[in-house]
């Protein structure tokens, strides 16, 4: 006998296929029968969703409360009944905004880390940008909020979107500290899922909790339809500055984030550099959190976005974490250019291009690009020269001959800078070999070293030469750069943080400067080349100078001093950036406030223009400090009131009801 609509209703419990289910809804089918949407209660099907058609599932037994058989509890002191009621109490989701589980995570919690969760739980929908400075533990703050939402029954389906180099790290943090499992869906993982499921099935429903690279997911044509038809309870976007709208057009990453913002109730965005100095760009992030918050993306106030973000710097929370953040030791190691280097510097300064540097307003001169490459290494400069010569030789226009000849002459000079004549490299070797002041041998598995360089060719040069000059085995030196696959990047980052791994020295490009934790077994960093952007300084240094670093972070800069007036003046501008980064850490909190553009590319252009125009370091500093801007995102972000730093953490921490006394 079939079940009629009068005998079943949402909230009823039924037995189908020898399992107990809770009815969520009942829909009429095209044949006049019923489609019963349920969620599992029995152990084997618990929390599993299903839909049963009553015409196919026979018999369906409706459990009637009035027919419940009561049996006596014969256990000592009614223990069985108490345990059953205790289990019901523990499964009951909290209905207030207190913290019940986040403070129990496997970490040394600090009061300020609970502020994002407290702020978000106070809202009907938990949508927030956590914009704390580099190294303050944004991943942990996100984990606290996610664990609270899971406890409230709002976190069954979770999607984390991160940079490919961050997947393993984020996954490990959520599992080891909050026991939140995330299945990694890299480029291979998605293909594996699609091969297992029918063609018309959505691969994003295969796993309830997943983490995926933003660059894998941004392939608009391939995944858009699947994303538009998927829904999550929580979406976390790490390094959210990469998804903000820049300029007049939206990038693939920005389009992806805009789509994802509509596919979940809860949206958590993480970024230490959430703005680029433009009102519209920052507004794009706020609009993803709340499309109704900002009326005019070009002009808005702090009140319009109140409650959508939280931002603190080290100086704000220093009193709470005196032992968690060690004072940096910063040292600039100088060396005089060799005669062969001086010849190359002189040749570069005197080189004149007839056509190469006729460019659009705002672009960096090719000559400046060459100088930046040479400041990195001769290998980087040679590669830049060779690439441009090959490109120009393919043209048939006779006007390029003079420029090709100039490049060839410069190449001859740079080629003469061998490792023995490369003063910065020799100073670098001297630094590492200084057992008294540096004391790094590569033998201690818990003492590792990271070197940052902007150029891939410099990175390869260092790998080739350091292996032999420091008597390191090939497996002790690892490279990390953006052209590597997501799987390789994840493996290298994971190995660098594992004591049993054989790697001792990591040579990284700036792909490793965003979000990655390198501080577990490493407290020394060497900038082989000096960044032209203060934001890059901040990101690089934040890899080892971050919450949880047990040793004093030691940061070294390598500076080549030239007798050439132009090169010497340009080097002083880069030294000014080192000074400003150090001052910002001690006083301001955000190094990017010096140039007021909050964008790496724009900061590099400002530095390049100062070099092209031959400005002194003093003129450059004065120009930046007197610069007036119409929109100051720091004014929007920080306002005049001090940010919360855990004042409400204790009053907002609660305990769930229990029948048993907590000892």
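In our numbering, the protein residues as written are 113 to 775.
In this text, a Cβ means the ideal position worked out from N, Cα and C, and glycines have one as well.
(message) Is the beta carbon of residue 146 closer than 7 Å to that of residue 166?
(response) Yes, these two residues count as a Cβ contact at 7 Å.
(message) Distance check for residue 261 and residue 571, CA to CA, integer angstroms please.
(response) C-alpha separation (whole angstroms): 43 Å.
(request) Please confirm whether residue 241 and residue 421 have their CB atoms less than 7 Å apart. (result) For residue 241 and residue 421, yes; Cβs fall inside 7 Å.
(message) Is it the case that the stretch 711-718 contacts the stretch 642-658, given that we only count it when at least three CB pairs across the two stretches are under 8 Å?
(response) Inter-segment contact for the stretch 642-658 and the stretch 711-718 is present: three or more beta-carbon pairs are separated by less than 8 Å.
(message) Below 8 Å, how does it come out for the stretch 566-586 and the stretch 605-621: are there three or more Cβ pairs, yes or no?
(response) The stretch 566-586 vs the stretch 605-621: in contact.
(message) Taking 7 Å as the threshold (C-beta atoms), are residue 459 and residue 573 in contact?
(response) Against a cut-off of 7 Å, the Cβ pair of residue 459 and residue 573 comes out as no contact.
(request) Measure the CB-CB distance between residue 590 and residue 615 and report whether it falls below 7 Å. (result) Yes, the Cβ-Cβ distance between residue 590 and residue 615 is below 7 Å.
(request) For the alpha helix (DSSP H) containing residue 191, list its first residue and its last residue. (result) Boundaries of the alpha helix (DSSP H) around residue 191: 191-203.
(message) If contacts are defined as beta-carbon pairs under 8 Å, then residue 344 and residue 270 qualify, I think. What distance do you get, rounded to the angstrom?
(response) Confirmed, Cβ separation roughly 6 Å.
(request) Quick one: which unbroken alpha helix (DSSP H) runs of 4-plus residues sit fully inside the stretch 543-605? Chain order, please. (result) Counting only runs of 4 or more, we get 568-581.
(request) Locate the beta strand (DSSP E) running through residue 287, then write down its first and last residues. (result) Bounds of any beta strand (DSSP E) do not take in residue 287; it lies within the alpha helix (DSSP H) bounded by 279-290.
(request) Pick helix, strand or coil for residue 412, following the three-state DSSP scheme. (result) Reduced to three states, the DSSP call for residue 412 is coil.
(message) Looking at the secondary structure, which residues open and close the beta strand (DSSP E) in which residue 261 lies?
(response) Per DSSP, residue 261 lies in no beta strand (DSSP E); the unbroken alpha helix (DSSP H) holding it starts and ends at 250-263.
(message) Taking only three categories from DSSP, how would you classify residue 760?
(response) Note: residue 760 maps to coil in three-state DSSP.
(message) Among the candidates 760, 520 and 401, whose CA atom is the shortest distance from the CA of residue 416?
(response) Nearest of 760, 520 and 401 to residue 416, Cα basis: 401.
(request) To the nearest angstrom, report how far apart residue 549 and residue 639 are at their CA atoms. (result) Spanning the alpha carbons of residue 549 and residue 639 requires a straight line of approximately 17 Å.
(request) Please list, in chain order, all residues of the same chain as residue 339 whose beta carbon is under 6 Å from its beta carbon, the five residues on each side excluded. (result) Hits under 6 Å: 371.
(request) Provide the residue span of the beta strand (DSSP E) that contains residue 239, from first to last. (result) Run containing residue 239: 239-242, per the beta strand (DSSP E) assignment.
(request) Tell me where the beta strand (DSSP E) around residue 208 begins and ends. (result) Note, residue 208: premise wrong, no beta strand (DSSP E); not H, not E.
(message) Across the stretch 212-231 and the stretch 244-258, are there enough close Cβ pairs to call them in contact, namely three or more that are closer than 8 Å?
(response) With three or more CB-CB distances shorter than 8 Å, the stretch 212-231 counts as touching the stretch 244-258.
(message) Mapping the DSSP letters down to three states, classify residue 742 as helix, strand or coil.
(response) Note that residue 742 has pLDDT 47, beneath the 50 cutoff, so the model's placement of it is unreliable and the number below is only indicative. Coil at residue 742, not helix or strand.
(message) Within the continuous beta strand (DSSP E) that includes residue 120, where are the two ends?
(response) For residue 120, no beta strand (DSSP E) segment is defined, and its DSSP state is neither H nor E.
(request) Kindly list the residues whose CB is nearer than 7 Å to the CB of residue 62, restricted to its own chain and excluding five residues on each side of it in sequence; keep chain order. (result) Because the chain in this structure spans residues 113 to 775, residue 62 falls outside the shown range and cannot be described.
(request) Pull up the distance between the alpha-carbon of residue 728 and that of residue 463, whole angstroms please. (result) Their Cα atoms are separated by approximately 21 Å.
(request) In the DSSP assignment, find the beta strand (DSSP E) that holds residue 636 and state where it starts and stops. (result) Bounds of the beta strand (DSSP E) holding residue 636 are 634-639.
(request) Within its chain, find whatever has a CB closer than 6 Å to the CB of residue 607; leave out the 5 residues flanking it on each side and keep chain order. (result) Cβ within range, chain order: 613 and 615.
(message) Using the three-state DSSP reduction, which class does residue 132 fall into: helix, strand or coil?
(response) For residue 132, the three-state secondary structure derived from DSSP is strand.
(request) Would you identify the three-state DSSP class for residue 526, choosing helix, strand or coil? (result) Three-state result, residue 526: helix.
(message) For residue 726, tell me which candidate among 681, 218 and 237 has the shortest Cα-Cα distance.
(response) Measuring from the Cα of residue 726, the nearest candidate turns out to be 681.
(message) Taking its Cβ as the centre, do 16 or more other Cβ atoms sit within 10 Å of residue 163, making it buried, or is it exposed?
(response) Exposed, since its Cβ has fewer than 16 Cβ neighbours within 10 Å.
(request) Look at the Cβ atom of residue 511, then the Cβ atom of residue 467, and state whether they are nearer than 7 Å. (result) A contact, by the Cβ cut-off of 7 Å.
(request) Indicate whether the contact test is met: 3 or more Cβ pairs, each with one atom in the stretch 297-313 and one in the stretch 349-357, closer than 8 Å. (result) Fewer than three beta-carbon pairs drawn from the stretch 297-313 and the stretch 349-357 are found closer than 8 Å, and the two stretches are therefore not classed as touching.
(message) If you reduce the DSSP assignment to three classes, tell me which class residue 214 lands in.
(response) If DSSP states are grouped into helix, strand and coil, residue 214 belongs with the helices.
(request) Mind checking which residues open and close the alpha helix (DSSP H) that includes residue 734? (result) That run of the alpha helix (DSSP H) goes 729-737.
(request) Verify whether the separation of the beta carbon atoms of residue 628 and residue 686 is less than 7 Å. (result) By the CB criterion at 7 Å, residue 628 and residue 686 fall outside the cutoff.
(request) Jot down the residue ranges of each uninterrupted beta strand (DSSP E) in the stretch 304-386, minimum 3 residues, whole runs only, in chain order. (result) The stretch 304-386 contains these whole beta strand (DSSP E) runs: 321-325, 344-349 and 376-382.
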